[in-house]
Each structure stands twice: as C-alpha cells, then as structure tokens.
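Engineer: In the numbering used here, the protein residues as written are 23 to 287. Quick one: the structure is below, questions incoming.
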Amino acid sequence: GDRGPGQLRMSKSSKPDVLMIHGAFCGPWALQGLKEKFEAAGYRVTAPHLRFHDENPPSPALATTGLADYAADLEDEIAALKPRPILVGHSMGGLLAQMLAAKCEVAAVIGLAPSAPWGVPPTTLFEIGAAQAMHLQPGYWNQLLEPNRDVALAHSLEQLPKNMRGAVYDRFVAESGRATFEVMNWGLDMNRASEVAADAVTCPLLFLTGSEDRINPPSTVARIAALYPNASAEVLDGMGHWLIGEPVWEKLAARALAWLKERKL
Numbered sequence: 023g024d025r026g027p028g029q030l031r032m033s034k035s036s037k038p039d040v041l042m043i044h045g046a047f048c049g050p051w052a053l054q055g056l057k058e059k060f061e062a063a064g065y066r067v068t069a070p071h072l073r074f075h076d077e078n079p080p081s082p083a084l085a086t087t088g089l090a091d092y093a094a095d096l097e098d099e100i101a102a103l104k105p106r107p108i109l110v111g112h113s114m115g116g117l118l119a120q121m122l123a124a125k126c127e128v129a130a131v132i133g134l135a136p137s138a139p140w141g142v143p144p145t146t147l148f149e150i151g152a153a154q155a156m157h158l159q160p161g162y163w164n165q166l167l168e169p170n171r172d173v174a175l176a177h178s179l180e181q182l183p184k185n186m187r188g189a190v191y192d193r194f195v196a197e198s199g200r201a202t203f204e205v206m207n208w209g210l211d212m213n214r215a216s217e218v219a220a221d222a223v224t225c226p227l228l229f230l231t232g233s234e235d236r237i238n239p240p241s242t243v244a245r246i247a248a249l250y251p252n253a254s255a256e257v258l259d260g261m262g263h264w265l266i267g268e269p270v271w272e273k274l275a276a277r278a279l280a281w282l283k284e285r286k287l
C-alpha cells in the first residue's frame, strides 16, 4: 500500500540506535564512511571520540588512561541512546564493544578486525612478536605512544593504494600506553582490564576480519567468536586490518547491514 511520509519516518525510527567505536591511534573519522552507510539505511549513529583522542597535542593523562576508562565513557554514551543499541567497533573498539555487551543491554555487536579479550591466546608468530616488541620501550604502559609510521604502513594500512596511505596515517593520533598494554600484553595484566564475562553476552555478534589482517588475524578472531554462544566470524577475502577504509570497504558495510536485516534489527 501507499506509505505516507509519516509512516516512513516511523519505520526508520524503529531501528535501534548505533554506537560506533573507533580503534587505537584513531578517531571517529576512521568510521565516517561506515557511519554514512548506516545512516543511509535508516539508523541513527553516534560515533564519539575515545577519551583524549580529540586533543592535539594529547593530554599527558592519556598515557595512563585504560580500557576501563574508555568503557566507562562509552557506557555514558549508551545511556543517552535508545535502549538496546547496536555496537559497531573496529580493532580495540571491537574489544570495547565486547566489554560493553557484557555490562549493558545491547541488541547486537559487530566487531571489525576486533582485538581479543583477556585469555584469548594469539594464533600467529606475528602477534606474539608484536606483543614482545612493545617491551623494547621500557615502561611503555605509563607512556604516551605516538603512532609509528613504519608499523602502520607495513601492517595496518598496507592494503590501501600507496597514494592513500600517507593521508590516512597523517590523521593518526597518540594512544594510551596503558590501554595498549592491556590489549597486547593481557597475560601480564594482573587487573585483567580486557576481560569479558562472555556468559553475560547474550546478544548476537558478528565478527568480520580481513584474510590479510596480521594484527588481528582470522585465526585469532575465530577464537574470539568461540567465546560467545551467539557469535559468528566471517573472513573478507583480500582485506587487511584497515578494512573500514580499504578500496572495497563498501562490501564490509553491505555485509554488516545485511546481517542486521537478517536479524530484523
């Protein structure tokens, strides 16, 4: 039948709100394309800065800001949204989404190249080596970490066309040494900051990871998915860690939106 403009608005506003959570060394800009795709599909999207990620130069307090601080801020964001929002997180943001799903009522979680919570062992020598390499900077867990161009271009942005990598890297910001330690060296973290009470996560979860991702590779993301009774992991062929902005990122957006539609969300 004929739908008037009023009815169209009603059906759009019946969708859950979406909270998008960016990863380490980034800001909401990294998720802008995805945000626009979700908004075009009728979702209301909030994409906040993680604490201190909107300051240049960064606050010295960022150095010792931990995952629990980021999560507490995001809980406040969730409280301001319609009940049971959808959480979408990239990399460290994907870990934060898992932590929040254990504490808050959420409709679904979409983790994009998500970082693993406490207790999920790495599956590759690259991951082990990357975690070990952090210790070449003694006391890094109390320091501000500046982005490292060589590391970013070789292992995060390497699936981007060469002429695009610099422009993305130039937008990177400093990250918390504390949060980085809690993600990469959780085995040494007595506070278990990145621990997720998996039994408390009852919503459906979709984990999307690129076949070429070395930072959070598909084999490790499969282990993350295995924690949750209602999770599935899918591998996107040819994509890397920056799957949110690589040339075929629209495929990622389309898959995420189709998955939500299948669940009538």
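Idealized CB from N, CA, C, for every residue including glycine.
Run through the DSSP bridge pairs and tell me what G161 is partnered with.
Structural biologist: Paired residues: none, contrary to the question.
Engineer: Evaluate the contact criterion for the segment 133-140 versus the segment 103-115: three or more CB pairs, one atom per stretch, below 8 angstroms.
Structural biologist: Verdict: yes, contact present.
Engineer: Run through the segment 121-204 for me and flag every whole beta strand (DSSP E) of 3 or more residues, listed as ranges in chain order.
Structural biologist: 130-134
Engineer: From what residue to what residue does the beta strand (DSSP E) around S254 run?
Structural biologist: Run containing S254: 253-258, per the beta strand (DSSP E) assignment.
Engineer: By the DSSP assignment, the alpha helix (DSSP H) with F60 in it spans what residues?
Structural biologist: 54-62
Engineer: Decide if K283 is buried, meaning its Cβ has at least 16 other Cβ atoms within 10 Å, or exposed.
Structural biologist: exposed
Engineer: According to DSSP, M42 sits in a beta bridge with which residue or residues?
Structural biologist: V110
Engineer: Going along the chain, which residues of its own chain have a beta-carbon closer than 7 angstroms to the beta-carbon of A174, five neighbours each way excluded?
Structural biologist: Y191, F194
Engineer: Please return the same chain residues whose Cβ sits closer than 7 angstroms to the Cβ of D91, not counting the five positions on each side in sequence.
Structural biologist: R73
Engineer: Looking at R277: is its Cβ nearer than 8 angstroms to the Cβ of L230?
Structural biologist: yes
Engineer: Indicate the three-state DSSP secondary structure (helix, strand or coil) for L282 in the structure shown.
Structural biologist: In this structure, DSSP gives L282 a helical state, which the three-state scheme calls helix.
Engineer: For the beta strand (DSSP E) containing L227, list its first residue and its last residue.
Structural biologist: Secondary structure note for L227: its beta strand (DSSP E) is the uninterrupted segment 227-232.
Engineer: Let me make sure I understand the geometry here. Which of F47, A63, L53 has the alpha-carbon closest to that of W281?
Structural biologist: A63
Engineer: Let me know the secondary structure DSSP gives V243 once reduced to three states.
Structural biologist: helix
Engineer: Alpha carbon to alpha carbon, what distance is there between G55 and I266?
Structural biologist: 8 angstroms
Engineer: Please go through the same chain and pick out, in chain order, the residues whose beta-carbon is closer than 7 angstroms to the beta-carbon of L179, but skip the five residues on each side of it.
Structural biologist: R187, V190, Y191, W264
Engineer: Can N207 and T86 be called in contact, C-beta distance under 8 angstroms?
Structural biologist: no
Engineer: Going by other Cβ atoms of all chains shown within 10 Å of its Cβ, with 16 needed for buried, is N252 buried or exposed?
Structural biologist: exposed
Engineer: So for T68, helix, strand or coil by DSSP?
Structural biologist: strand
Engineer: State the DSSP-derived secondary structure class of R277, mapped to helix, strand or coil.
Structural biologist: helix
Engineer: Comparing alpha-carbon positions, which option in G151, A138, S36, D95 lies nearest P105?
Structural biologist: S36
Engineer: Do you know whose CA, among S233, K125, T224, lies nearest E97's CA?
Structural biologist: K125
Engineer: With a 10 Å radius around its C-beta and 16 neighbouring C-beta atoms as the bar for buried, classify D211 as buried or exposed.
Structural biologist: buried
Engineer: Is it right to say D172 is buried, meaning 16 or more other beta carbons lie within 10 angstroms of its own, or is it exposed?
Structural biologist: Counting every other CB atom within 10 Å of its CB across the protein chains shown gives D172 a total below 16, marking it as exposed.
Engineer: What would DSSP say about L103, mapped onto helix, strand or coil?
Structural biologist: coil
Engineer: If you count every other CB in all the chains shown that lies within 10 Å of the CB of D76, and 16 or more means buried, which is it?
Structural biologist: exposed
Engineer: Find the nearest neighbour of P169 within the set T68, E204, E58, P79, judged by alpha-carbon distance.
Structural biologist: P79
Engineer: Among the residues of its own chain, which have a CB less than 8 angstroms from the CB of A153, if the five just before and after it don't count?
Structural biologist: Hits under 8 angstroms: P144, M206, N207.
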